[in-house]
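In the working numbering, the protein residues as written are 2 to 346. Ideal Cβ placement from N, Cα and C applies to all residues, glycine included.
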């Protein structure tokens, strides 16, 4: 399971009504390292980039970054220090009386984790789709059916059938960036982009959303919440890689003994069970592994019900929920938001 403290994140905040040069000046005067940068100007390290965005900017100049309305793009932020910096930015821009947020504006969040894998990234997108009705509940109505952040549930079949072996490959293959969960950014930034949140300069709203996404991603990496193992795919060249990795997620390991017999050990190396090569082969569907037990890279739906039955003796599976691994104070905030939008309907 991913460690929450190892995340880095980035935030893109869209706004209208104020010139980008004015936003840059206000941020700079507040002691923030901010620069107005044109479309092709890159993103210098440690700089809050103020620039144009075609969906919100008017009278814009792509080469200079000037425009009436635009977006503030954060540098890479850490869990330890990034939220304080984000608050400082929000406090500064909220002094601008002419700055406005409309339904055209959005918040985009990028999450990076050093231990991200293709399987985890796809699980994030799949779970987001599964919980989309609940997530919609604490977001504005304008963000529930948005052309720039379509419901990722539409990609469920694609995600289940994809056979990408690297994050770059997964990002390149991902059908489109304009989904609530954008995996295309994996190819360029090695990040997952979340595009659904409505525009805001409210630190409390933005920070709770970022923290929710971190917890949601951690829960997506936890195999104890996986209900269907058939789509799990390993990039390992070791025999029975899927079985090994799933056991590892539950705190066990599969170790070869001798004469075609394997041992299952717990985290303290205590013996728990044994399983033969012959039995391990029965866990896989036909033509998904070779005669050495190594997965075929392009194969899908590898593990079958035999494996699901066998693995149950080692698992203490919990019913998956939207707030698994989400901090209680974040859950409380989002439930309050859900009630707010329900009463406003």
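{"Query": "Reference residue 15, options 127, 207, 142, 137, closest by Cα", "Result": "207"}
{"Query": "Closer than 7 angstroms: residue 120 CB and nearest the ligand PLP heavy atom", "Result": "This structure simply doesn't include the ligand PLP, nor any ligand for that matter."}
{"Query": "Whole-Å CB distance - residue 44 paired with residue 74, under 8 angstroms assumed", "Result": "7 angstroms"}
{"Query": "Secondary structure, beta strand (DSSP E): runs of 3+ residues fully inside the segment 203 to 250", "Result": "none"}
{"Query": "Residue 138 to residue 195 span [Cα, whole Å]", "Result": "16 angstroms"}
{"Query": "Distance between beta carbons of residue 51 and residue 37, contact taken as under 8 angstroms", "Result": "5 angstroms"}
{"Query": "Proximity to residue 157 [Cα-Cα], best of 144, 127, 136", "Result": "127"}
{"Query": "Contacting residues, own chain, Cβ-Cβ under 6 angstroms from residue 236 (five flanking each side not counted)", "Result": "166"}
{"Query": "Stretch pair the segment 115 to 123 + the segment 83 to 99: three plus CB contacts closer than 8 angstroms", "Result": "no"}
{"Query": "Pair within 8 angstroms by beta-carbon distance, residue 230 and residue 327", "Result": "no"}
{"Query": "Limits of the beta strand (DSSP E) - the one that residue 85 falls within", "Result": "Note, residue 85: premise wrong, no beta strand (DSSP E); alpha helix (DSSP H) at 83 to 94."}
{"Query": "Other residues of its chain near residue 222: CB distance less than 6 angstroms, five sequence neighbours each side excluded", "Result": "2, 3, 121"}
{"Query": "Cutoff 8 angstroms; reference residue 63; Cβ partners in own chain excluding five residues on either side", "Result": "39, 40, 41, 53"}
{"Query": "The beta strand (DSSP E) enclosing residue 135, as first and last residue numbers", "Result": "Element bounds for residue 135: not the beta strand (DSSP E) but the alpha helix (DSSP H), 133 to 138."}
{"Query": "Separation of residue 248 from residue 316, as counted between CA atoms", "Result": "9 angstroms"}
{"Query": "Interface flag, residue 128 vs chain C, CB-CB below 8 angstroms", "Result": "Annotation note: the requested chain C is absent from the structure, which comprises a single protein chain."}
{"Query": "Residue 188 - containing alpha helix (DSSP H), residue span", "Result": "186 to 190"}
{"Query": "Integer Cβ distance of residue 181 from residue 129, believed to fall under 8 angstroms", "Result": "6 angstroms"}
{"Query": "DSSP three-state assignment for residue 110, whether helix, strand or coil", "Result": "strand"}
{"Query": "For residue 343, the three-state DSSP class (helix, strand or coil)", "Result": "helix"}
{"Query": "Residue interval of the beta strand (DSSP E) (run including residue 58)", "Result": "Where residue 58 is concerned, there is no enclosing beta strand (DSSP E), given that its DSSP letter is neither H nor E."}
{"Query": "Extent of the continuous alpha helix (DSSP H) run through residue 174", "Result": "168 to 174"}
{"Query": "From 101, 46, 83, 79, residue whose alpha carbon lies closest to that of residue 72", "Result": "101"}
{"Query": "Local conformation of residue 323 per DSSP, three classes", "Result": "coil"}
{"Query": "Straight-line gap, residue 386 to residue 265 (C-alpha atoms, nearest Å)", "Result": "The displayed coordinates of the chain run from 2 to 346. Any statement about residue 386 would go beyond what the structure contains."}
{"Query": "Backbone CA spacing between residue 217 and residue 260 [nearest angstrom]", "Result": "43 angstroms"}
{"Query": "Residue 152 versus residue 176 - alpha carbon distance", "Result": "13 angstroms"}
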